[in-house]
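Just so we're aligned, residue 2 is where the sequence shown starts under our numbering, counting upward by one.
We treat Cβ as the ideally placed atom computed from N, Cα and C, and that holds for glycine.
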Amino acid sequence: MREGDAEGRLVRPFALTGGRTRPSRADFTLITTVTAVHPPPERAARGQPEHARILRLCAEPVAVAELAALLDLPVSVVVILLCDLLEDGRITARAPHAVSHTTADLDLLRKVREGLGRL
Numbered sequence: 002m003r004e005g006d007a008e009g010r011l012v013r014p015f016a017l018t019g020g021r022t023r024p025s026r027a028d029f030t031l032i033t034t035v036t037a038v039h040p041p042p043e044r045a046a047r048g049q050p051e052h053a054r055i056l057r058l059c060a061e062p063v064a065v066a067e068l069a070a071l072l073d074l075p076v077s078v079v080v081i082l083l084c085d086l087l088e089d090g091r092i093t094a095r096a097p098h099a100v101s102h103t104t105a106d107l108d109l110l111r112k113v114r115e116g117l118g119r120l
């Protein structure tokens with residue numbers, strides 16, 4: 002937290018989550034990609050301004066860590082708010098693709114290294 006942040010923030014982070022300290026889901030990571038659903042579902046949106054800000058920022062895919070930085074909120078708070086939006090059907094969340102460690106990848110890296118060595 003930067004100097005002066007505590008005095009400048011009108012609402013404490015725990016108030017944004019209604020006092021909740023744990024997300025309702027455990028599948029969000031720092032690199033989970035979040036995107037707003039367009040068009041939004043017919044259900045009523047949650048009324049907090051932070052939910053609306055998240056939806057605006059998620060018009061294009063954005064990582065949870067980047068979203069927290071843009072909102073200037075702790076990641077834990079952002080994840081709880083994202084869980085609200087996911088349960089309402091307002092966003093989609095995509096886990097990062099697993100990195101495969103195959104022989105082909107190692108062969109490619111060796112060829113690149115050899116090519117660089119010849120330069």
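T36 to E88, Cα distance in whole Å? 14 angstroms
For A96, list the residues DSSP reports as bridge partners. Paired residue(s): none; A96 is not in a bridge.
Please classify D108: is it buried, with 16 or more other beta-carbons within 10 angstroms of its beta-carbon, or exposed? exposed
Taking the alpha-carbon of E51 as reference, which of R114, V78 and V113 has the nearest alpha-carbon? Of the listed residues, the one whose Cα sits closest to E51 is V78.
Under 8 angstroms by Cβ, that's how I've got P41 and R95 pegged, so tell me the actual separation to the nearest angstrom. Not confirmed; about 18 angstroms, so no contact.
Between the beta-carbon of A69 and the beta-carbon of V76, is there less than 7 angstroms? Contact: yes.
Measuring alpha carbon to alpha carbon, tell me which residue in L74, A60, P97 and A53 is nearest F29. P97
Contacting residues, own chain, Cβ-Cβ under 6 angstroms from A60 (five flanking each side not counted): A37
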